[in-house]
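Enquirer: Remember, the numbering used here sits 203 above the position in the sequence shown when you count from 1.
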Amino acid sequence: MKVEAVELRIVRMPLRFPFETSFGREDAKHAVLVRAQADGLVGWGEVPAMAAPLYNEETVQTAWHVLRDFLVPALLGVELQHPRQVRERLRFVRRHHMAKAGLEAAVWDLYAQQQGRSLRELLGGVQDRVEVGVSLGIEATVDDLVRRVEGFLAEGYRRVKVKIRPGWDVEVVRELRRRFPDVPLQVDANSAYTLEDARVFEAMDDLGLLLIEQPLGEDDLVDHAKLQARLRTPICLDESIVHPHDARKAIELGSCRVVNIKAARLGGLTAAVETHDVCAERGVPVWCGGMLETGIGRLANLALASLPNFRLPGDLSASDRYFEEDLIEPPVVLEPDGTIRVPEQVGIGPRVRLDRVDRVTVRREWVRVG
204 MKVEAVELRI VRMPLRFPFE TSFGREDAKH AVLVRAQADG LVGWGEVPAM AAPLYNEETV
264 QTAWHVLRDF LVPALLGVEL QHPRQVRERL RFVRRHHMAK AGLEAAVWDL YAQQQGRSLR
324 ELLGGVQDRV EVGVSLGIEA TVDDLVRRVE GFLAEGYRRV KVKIRPGWDV EVVRELRRRF
384 PDVPLQVDAN SAYTLEDARV FEAMDDLGLL LIEQPLGEDD LVDHAKLQAR LRTPICLDES
444 IVHPHDARKA IELGSCRVVN IKAARLGGLT AAVETHDVCA ERGVPVWCGG MLETGIGRLA
504 NLALASLPNF RLPGDLSASD RYFEEDLIEP PVVLEPDGTI RVPEQVGIGP RVRLDRVDRV
564 TVRREWVRVG
């Protein structure tokens, strides 16, 4: 298979509700969509970077530049036997994991279509449905947050994750636990604290949380190990794990007991599967995180989350959690039992609605061989 041309698009999709974390507020989802052509087929991938470098160093604009000027030209016209070769081909570019992941995802979609198989099957997925939870941002008041939780539980979501930051943490979580004593609950700090704030998390240790996600620095393993030794509640690492080797190091150091796997953060589906395997071999459960992806990225995440060691509900909410109208048809929907079906069709599954993509596109460009 040779990729003959790639179209890049920056899209902006208004969110149904603003989403606020410890590092900022989003009213719309920005992303770079990657549309690759080969052998008469079209494959889609998504770069779910933010408009500003707040989650990691990447943005939609840096991803556009790196894809257009470096990554896509390095892949065009190259004979590929398997999508796993993409990572090695792009290794000359340091980091820029999300940009690489979007391009690699489009190649995985192409390859799956060429083979007449689903992405789930190619990745080694074994589950036809995955348990999902809902991720809630920081609200104006605790009562507002409680109402949001009530609404999503009524829709059938099995687990609730809430964002925290200094000043919006222990008392908020304590009130949620009081109001929802039996709901699986976890918190996500997005690196907003330091080891000096350990008492914040010690105060949460008796609240029966599933886990505490990324409490300390985005590049830290050592202080997380010190904090984990003081807690019964499992620490889960997100931003600190940008390579399968990081997962191995974190587990050996005792930095975490759970890992959040995001293909975009790790540089692609290939690295995500390897990270899954590293954790499985060491008995550490994983779950699939999200970046407010459109349906294109969400479908790839669902295929990934069907692997056997994804043992906790993921942030893979239905399309209508974030968008009035998604870019795929049919949309991702929540089943009555709190699961989402993993597509069985070839490739990523449901078709991409190009007319809808056109409506939200703010920039587009083709990169071709020659």
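Heads up, the beta-carbon is just placed ideally off N, CA and C, and yes, glycines get one too.
Checking 8 Å against the spacing of the C-beta atoms, do E307 and G471 come in under that value?
Expert: Contact flag set, yes.
Enquirer: Comparing alpha-carbon positions, which option in A357, V363, R362 and V345 lies nearest E374?
Expert: It is V345.
Enquirer: Excluding the 5 residues preceding and the 5 following E260 in the sequence, name in chain order all residues of the same chain whose CB lies nearer than 8 Å to its CB.
Expert: Excluding positions up to five away in sequence, the list reads R298.
Enquirer: Starting from the Cα of M253, find the closest Cα among L270, I454, H233 and K303 and give me that residue.
Expert: Measuring from the Cα of M253, the nearest candidate turns out to be H233.
Enquirer: Looking at the strands, I want to know which residues DSSP matches up with A208.
Expert: According to DSSP, A208 bridges with Q240 and R571.
Enquirer: Opposite T262 in the DSSP bridges: which residues?
Expert: DSSP, once it has assigned bridges, lists no residue as partnering T262.
Enquirer: Terminal residues of the continuous beta strand (DSSP E) containing T542?
Expert: Per DSSP, T542 belongs to the beta strand (DSSP E) from T542 to R544.
Enquirer: What are the start and end residues of the alpha helix (DSSP H) that includes Q431?
Expert: Unbroken alpha helix (DSSP H) run through Q431: V425 to Q431.
Enquirer: Counting only beta-carbon separations shorter than 8 Å, does H233 have a partner in chain D?
Expert: Absent from the structure is chain D; it holds one protein chain and no more.
Enquirer: Where L410 and R514 are concerned, what is the direct C-alpha to C-alpha distance, given to the nearest angstrom?
Expert: Using only the alpha carbons, I get a separation of about 21 Å.
Enquirer: Can you list, in chain order, the residues of its chain with a C-beta nearer than 7 Å to that of N512? Leave out the 5 residues immediately preceding and following it.
Expert: Correct list, in chain order: H479, C482, A483, P488 and V489.
Enquirer: Given that a residue counts as buried once 16 or more other Cβ atoms are within 10 Å of its Cβ, and exposed if not, what is H300?
Expert: H300 comes out buried.
Enquirer: In three-state terms, what does DSSP make of F295?
Expert: In this structure, F295 counts as coil in the three-state DSSP scheme.
Enquirer: Tell me the rounded alpha-carbon separation between W371 and L278.
Expert: Approximately 46 Å between the Cα atoms of the pair.
Enquirer: What are the complete beta strand (DSSP E) segments, minimum 3 residues, inside the segment 436-517?
Expert: If we require 3 residues or more, the beta strand (DSSP E) runs fully inside the segment 436-517 come out as 438-440, 461-464 and 489-491.
Enquirer: Just mark F295 as buried or exposed, buried being the case when its beta carbon has 16 or more other beta carbons within 10 Å.
Expert: F295 comes out exposed.
Enquirer: Return the first residue and the last residue of the beta strand (DSSP E) that V390 is part of.
Expert: First-last of the beta strand (DSSP E) with V390: L388 to D391.
Enquirer: Can you list, in chain order, the residues of its chain whose CB lies under 6 Å from that of G552, leaving out five sequence neighbours each side?
Expert: Cβ within range, chain order: L502 and P546.
Enquirer: For W566, which residues of its own chain have a beta-carbon under 6 Å away from its beta-carbon, when the five flanking residues on both sides are left out?
Expert: Note on identity: in this sequence residue 566 is Arg, with Trp being the wrong assignment. I213, listed in sequence order.
Enquirer: Taking P533 as the reference, which of L456, A521, Y525 and G541 has the closest Cα?
Expert: For P533, the nearest C-alpha among the options comes from A521.
Enquirer: Starting from P217, follow its DSSP beta bridges and name the residues at the other end.
Expert: Paired residue(s): A231.
Enquirer: Going by other Cβ atoms of all chains shown within 10 Å of its Cβ, with 16 needed for buried, is W569 buried or exposed?
Expert: Counting Cβ neighbours within 10 Å, W569 comes out exposed, since fewer than 16 surround it.
Enquirer: Helix, strand or coil, according to DSSP, for V560 in the structure here?
Expert: Helix, per DSSP.
Enquirer: Distance check for T497 and V263, CA to CA, integer angstroms please.
Expert: Rounded to whole angstroms, V263 to T497 spans 14 Å at the Cα level.
Enquirer: Could you say which of T473, R544 and P539 lies nearest to R292 if we only look at CA atoms?
Expert: R292 has its Cα closest to that of T473, out of T473, R544 and P539.
Enquirer: List the whole-angstrom C-beta distance separating L283 from V310, where the pair is believed to meet the contact cut-off of C-beta under 8 Å.
Expert: Their Cβ separation, rounded to whole angstroms, is 7 Å, which keeps L283 and V310 in contact under 8 Å.
Enquirer: From E334, E210, A304 and D272, pick the residue whose C-alpha is nearest to that of R287; which is it?
Expert: Closest by alpha carbon: A304.
Enquirer: For V333, which of helix, strand or coil comes out of DSSP?
Expert: Strand.
Enquirer: Tell me the DSSP bridge mates of L339?
Expert: For L339, which the question treats as bridged, DSSP gives the partners V365.
Enquirer: Considering only the beta carbon of each residue, do D529 and S338 sit closer than 8 Å?
Expert: No; because the gap between Cβ atoms is not below 8 Å, this pair is not in contact.
Enquirer: Cα separation between V403 and Q318?
Expert: Near 51 Å, if we compare the C-alpha coordinates of Q318 and V403.
Enquirer: Starting from H300 and walking both ways along the alpha helix (DSSP H), at which residues does that stretch end?
Expert: Counting along the chain, the alpha helix (DSSP H) containing H300 begins and ends at H300 to Q318.
Enquirer: What are the boundary residues of the alpha helix (DSSP H) that includes F404?
Expert: From DSSP, the alpha helix (DSSP H) with F404 extends over A401 to A406.
Enquirer: Counting Cβ pairs, one atom from each stretch, are 3 or more of them under 8 Å apart for the segment 345-359 and the segment 239-256?
Expert: Cβ pair count under 8 Å is below three, so no.
Enquirer: Beta-carbon separation of V549 and A315 under 8 Å?
Expert: The answer is yes: Cβ separation under 8 Å.
Enquirer: Would V386 pass as a contact of V363 if the rule is Cβ separation under 8 Å?
Expert: For V386 and V363, yes; Cβs fall inside 8 Å.
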